[in-house]
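Okay, so the sequence shown: first residue is 181 according to the working numbering, each after it adds one. Only one structure is covered here, and it is reproduced in the block below.
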Amino acid sequence: MLPLLPALAGAGEAINYARLGWMDKKTIAAKPENERPALATSCHGTWVTPIPLGVRPAKPTESPVAGEAVWVYFDPDGASRLRGDVRISQPGRLIQADNAELSTGRDNGRFTGNILLAEPGLVLSGQQADLDLTGKTAHLDSVEFVSTLLNAHGKATTVDRKANGELNFDRVEYSTCEPDKRVWYFSARKLRLDPTTGRGTVQQAKLHLMGAPLVNIPYFNFPIDDRRMTGMLVPRFGTTNDGGFDFAQPVYLNLAPNYDMTLTPRLLSRRGLMVESEFRYLLEDAGQGELHLAMLPGDKLYQDNDRRQAAWRHQYRNGNIRMGTVANYVSDNAYFTDLGTDLSQSSTTHQERTGEVEYTAGYWSLLGRVQGFQTIDPLLSDISKPYARLPQLLLRAGLPLQRGFSARLLSELTYFSRTVNDGSGVEVNGARWRLEPRLDYRAQQPWGYLNPAVSVRQLAYELDGAAGAPDVINNAAFSLDSGLTLERQGSRFLQTLEPRVFYAFSPYTDQSDLPNFDTATSTFSFAQLFRPSRFSGGDRIDDTHQVSLGLTSRWLDNDDGHERLRASVGEIFYLRDRKVRLNATDPVDTSRTSGMAGELALQLNRDWSGSADSLWTPDLKAAQFGLQLHYLPESADRLFNVGYNYRREIVALNQKALSQATASIIHPLNHQWQIMGLMQYDLENDSPQDRLLGLRYDACCWRLSFYQRQFLTDPDNISAANLKRTAFFIEITLKGLAGVSSGINDLLSSRVFGYGQIQDSQRSSIRDFR
Numbered sequence: 181m182l183p184l185l186p187a188l189a190g191a192g193e194a195i196n197y198a199r200l201g202w203m204d205k206k207t208i209a210a211k212p213e214n215e216r217p218a219l220a221t222s223c224h225g226t227w228v229t230p231i232p233l234g235v236r237p238a239k240p241t242e243s244p245v246a247g248e249a250v251w252v253y254f255d256p257d258g259a260s261r262l263r264g265d266v267r268i269s270q271p272g273r274l275i276q277a278d279n280a281e282l283s284t285g286r287d288n289g290r291f292t293g294n295i296l297l298a299e300p301g302l303v304l305s306g307q308q309a310d311l312d313l314t315g316k317t318a319h320l321d322s323v324e325f326v327s328t329l330l331n332a333h334g335k336a337t338t339v340d341r342k343a344n345g346e347l348n349f350d351r352v353e354y355s356t357c358e359p360d361k362r363v364w365y366f367s368a369r370k371l372r373l374d375p376t377t378g379r380g381t382v383q384q385a386k387l388h389l390m391g392a393p394l395v396n397i398p399y400f401n402f403p404i405d406d407r408r409m410t411g412m413l414v415p416r417f418g419t420t421n422d423g424g425f426d427f428a429q430p431v432y433l434n435l436a437p438n439y440d441m442t443l444t445p446r447l448l449s450r451r452g453l454m455v456e457s458e459f460r461y462l463l464e465d466a467g468q469g470e471l472h473l474a475m476l477p478g479d480k481l482y483q484d485n486d487r488r489q490a491a492w493r494h495q496y497r498n499g500n501i502r503m504g505t506v507a508n509y510v511s512d513n514a515y516f517t518d519l520g521t522d523l524s525q526s527s528t529t530h531q532e533r534t535g536e537v538e539y540t541a542g543y544w545s546l547l548g549r550v551q552g553f554q555t556i557d558p559l560l561s562d563i564s565k566p567y568a569r570l571p572q573l574l575l576r577a578g579l580p581l582q583r584g585f586s587a588r589l590l591s592e593l594t595y596f597s598r599t600v601n602d603g604s605g606v607e608v609n610g611a612r613w614r615l616e617p618r619l620d621y622r623a624q625q626p627w628g629y630l631n632p633a634v635s636v637r638q639l640a641y642e643l644d645g646a647a648g649a650p651d652v653i654n655n656a657a658f659s660l661d662s663g664l665t666l667e668r669q670g671s672r673f674l675q676t677l678e679p680r681v682f683y684a685f686s687p688y689t690d691q692s693d694l695p696n697f698d699t700a701t702s703t704f705s706f707a708q709l710f711r712p713s714r715f716s717g718g719d720r721i722d723d724t725h726q727v728s729l730g731l732t733s734r735w736l737d738n739d740d741g742h743e744r745l746r747a748s749v750g751e752i753f754y755l756r757d758r759k760v761r762l763n764a765t766d767p768v769d770t771s772r773t774s775g776m777a778g779e780l781a782l783q784l785n786r787d788w789s790g791s792a793d794s795l796w797t798p799d800l801k802a803a804q805f806g807l808q809l810h811y812l813p814e815s816a817d818r819l820f821n822v823g824y825n826y827r828r829e830i831v832a833l834n835q836k837a838l839s840q841a842t843a844s845i846i847h848p849l850n851h852q853w854q855i856m857g858l859m860q861y862d863l864e865n866d867s868p869q870d871r872l873l874g875l876r877y878d879a880c881c882w883r884l885s886f887y888q889r890q891f892l893t894d895p896d897n898i899s900a901a902n903l904k905r906t907a908f909f910i911e912i913t914l915k916g917l918a919g920v921s922s923g924i925n926d927l928l929s930s931r932v933f934g935y936g937q938i939q940d941s942q943r944s945s946i947r948d949f950r
């Protein structure tokens, strides 16, 4: 029999938290290492209940009950009495008390003195209790409680437990803080924790902060698990130089099991009152989707005009059929600049509208699509706007044959449409037919491979209003890809040497009269060395006669097999001029080589990694290069990133000059204080594009963060002072309840390498702690 835990102090005295399962750092450190419980870094202790949260209790009527006491009186026809160190246990349940009296059938009992009732992750302690041992109902007086699921503890005058696990407390105090450091707690007339609904509800509550009553709350509810429930979410809060005070209070509406809505009133002090909404739905036979709507009526800083935004996403998949819809709209070109908070959103130039249906069966698929765009960049001329596809039909097929052969087919029929009203060019619309059958052969061995391929490509157009449509274009292409893998075993590393040779040939066909609906010159990179065409899109058939040479070397760690270093370099050698051009005014490309391209990936250890890439022009001038260095330890409690990107201005490639440095850091100053920063600096124009500095205090049950950010809403127009935005954010979180948020996590997740791992680590440590 296990010894009873120390007795509770008398009424009005301090609670003996050790009896309820509290273990501070000193107690944890004294335990053998394999018996130490998980502890969140921001906490000074943790709750360890007699029965862990993950244990599955047995059914009361189907499992044996063991009873022990110093003195036992058993009456087969009446009540039985137990005195001294009473212990009644069942798999997943435990009752301890000084005294107990059990009914005739031993299915009900009254317990008195130093009562401890334990179930998985739950402890109830009191001075008197009436328990139904089969129905799992209970009533306790002068109770203290701990729930590791909620990381919460408290005390109450009485608690009633129902058979479904619902707990009802009277005159209660409740907190998720450490018991000896209660930064906040609320006192309430009634508290109900209902596991069947996943919610806690409080009536006539008062929130106390640092021991002082802060606010009276007649009623509120909060989640006790991950289920959805109607209620207020964490508010968003901040200030900006062009919008003033910015406060948004999301309200979540759990309308039905298969659809819900978040309605967000938003106040911008200098602009007015805005409403944002998100509606999500899941239909049994028609897929799932979401609808976003937002409106700011009479924007005071936009000539009292209304500002609107809408976005609809829908996806459906059933067997071989997939359907998707994307529809976006904004009322004006400055919407994201004025009302958005993210750099990438602020620089958006187009709003996509697409609907598509795809059928897939075996080795082939057929896609039908209509696609258009709302252009919101006022500086973009009509001739520079993208074409709409009204519609597009795309057939893809790939069939594996015998002895290493495979066949592929791409067939496309698309009607392209674009209106040109501003005199910026000639309006050309029409239909394009594209057909590309291909035959491949691949011979693969551990030491190398050989992959020849032959294809035929056909282009045909029917243009609106054309006196004579261009002739049908037919062309053939041949490519041969080959590579070797050579290995050398060293004392610490397995080193590979992987030479690669790629040959491509396609004859020249005059295409100067062909329109350009969706084609661009591919961005040159190391991967582009081994592609047979320098164009992306379907309006040009490349003329090429080239040989690409590449070399890759890897260093693989003998101990764990990790790739510690990968270095690649290569170049294209042209055997003739490239006469096919994207535009008729472009010069013929007569260079003999592409210039060199290189890549480097480095994994120094489990914490440090880096990468580099570089391109050189044929005359050995640096066209562009980039360097990145990352520090992210296994503990995932800190990170450091630094990078530099450079591009030389090359008019022939429409490449603008760029010289940009980036850096980000998240570093704990101690177990509770953390500093974070983000910098993106334009060295070409000596101007910062984005700066963020934050300071966070993370305690066991609350968190306070300050952020200051300055960024350009249009990084390509640094001279526009009115596009510089300054914002200040405050986040306050009472863990286990709610808080005030700025939404800064979304920004850091998209802009800082490794931030997602830090978030996952923090969520995991909280789960372990609970």
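A virtual CB, placed ideally from N, CA and C, is assigned to each residue, including glycine.
Q) If you draw a straight line from the alpha carbon of residue 496 to that of residue 466, how long is it in whole angstroms? A) 6 angstroms
Q) Can you round the beta-carbon distance between residue 364 and residue 882 to whole angstroms, since I take them to be within the 8 angstroms contact cut? A) 6 angstroms
**Q.** Cβ-Cβ distance between residue 964 and residue 304 below 8 angstroms
**A.** The first residue shown for the chain is 181 and the last is 950, placing residue 964 beyond what the model contains.
Q: Mind reading off the beta-carbon distance from residue 657 to residue 686? Whole number of angstroms is fine, and I expect it under 8 angstroms.
A: 4 angstroms
Q.
Could you compute how far the alpha carbon of residue 597 sits from the alpha carbon of residue 612?
A. 11 angstroms
Q. Among the residues of its own chain, which have a CB less than 6 angstroms from the CB of residue 644, if the five just before and after it don't count?
A. 609, 610
(Q) Once the 5 residues before and after residue 398 are set aside, which same chain residues still bring their CB inside 7 angstroms of it? (A) 384
Q. What are the start and end residues of the alpha helix (DSSP H) that includes residue 752?
A. It is not in any alpha helix (DSSP H) - residue 752 instead sits in the beta strand (DSSP E) that spans 743-754.
Q | Inter-stretch contact (C-beta, 8 angstroms, three-pair minimum) for the region 340-358 and the region 369-383 | A | yes
**Q.** Spatial neighbours of residue 395 in its chain, beta-carbon cut-off 6 angstroms, leaving aside the 5 residues before and after
**A.** 387
**Q.** Exposure label - residue 955; buried when at least 16 CB within 10 Å
**A.** A query on residue 955 cannot be resolved here, the shown segment of the chain reaching from 181 to 950 and no further.
Q: Kindly list the residues whose CB is nearer than 8 angstroms to the CB of residue 821, restricted to its own chain and excluding five residues on each side of it in sequence; keep chain order.
A: 808, 809, 810, 811, 842, 843, 844, 845, 932, 933, 934
Q. Beta carbon of residue 750, beta carbon of residue 728: below 8 angstroms?
A. yes
(Q) On the criterion of 16 or more Cβ atoms from any shown chain inside 10 Å, does residue 202 qualify as buried, or is it exposed? (A) buried
Q: Write down the C-beta distance between residue 775 and residue 798 rounded to the nearest angstrom, noting that I regard them as a contact closer than 8 angstroms.
A: 5 angstroms
Q) Secondary structure at residue 195, three-state DSSP: helix, strand or coil? A) coil
Q: Can you give me the start and stop residues for the alpha helix (DSSP H) that residue 404 sits inside?
A: First-last for residue 404: undefined, no H or E at that position.
Q | Buried/exposed call for residue 335, threshold 16 Cβ in 10 Å | A | buried
Q | Host alpha helix (DSSP H) of residue 516 (start-end) | A | 515-519
Q | Complete beta strand (DSSP E) runs within the region 757-793 (minimum length 3 residues, chain order) | A | 773-783
Q: To the nearest angstrom, report how far apart residue 793 and residue 537 are at their CA atoms.
A: 39 angstroms
Q) Secondary structure at residue 939, three-state DSSP: helix, strand or coil? A) helix
(Q) Taking the alpha helix (DSSP H) that residue 208 belongs to, which residues open and close that run? (A) 205-210
Q: Give, in chain order, every unbroken run of the beta strand (DSSP E) that is at least 3 residues long and sits entirely within the region 610-671.
A: 610-621, 623-625, 628-643, 653-664, 666-669
Q. Under 8 angstroms between the Cβ atoms of residue 570 and residue 539?
A. no
Q: Pick out whichever of 634, 632, 651 has its Cα sitting closest to the Cα of residue 641.
A: 651
Q.
Just to check my reading of the structure: residue 402 and residue 380 have Cβ atoms closer than 8 angstroms, yes? What is that Cβ distance to the nearest angstrom?
A. 5 angstroms
Q: Ignore the nearest five residues each way along the sequence and tell me which others in residue 221's own chain have a CB closer than 6 angstroms to its CB.
A: 851
Q.
Can you give me the C-alpha to C-alpha distance between residue 855 and residue 216, rounded to a whole angstrom?
A. 29 angstroms
Q: Can you tell me the Cβ-Cβ gap for residue 298 and residue 231, rounded? I've got them flagged as a contact below 8 angstroms.
A: 5 angstroms
Q) Just to confirm, are residue 622 and residue 663 a CB contact at a threshold of 8 angstroms? A) no
Q | Coarse secondary structure for residue 727, derived from DSSP in three states | A | strand
Q) Hey, residue 553 and residue 532 are a contact pair by Cβ (cut 8 angstroms); roughly how many whole angstroms apart? A) 6 angstroms
**Q.** Exposure of residue 937, with buried meaning 16 or more beta-carbon neighbours within 10 Å
**A.** exposed
Q | Range covered by the beta strand (DSSP E) that runs through residue 323 | A | 318-327
Q) Can you name the start and end residues of the beta strand (DSSP E) that residue 819 belongs to? A) 819-827
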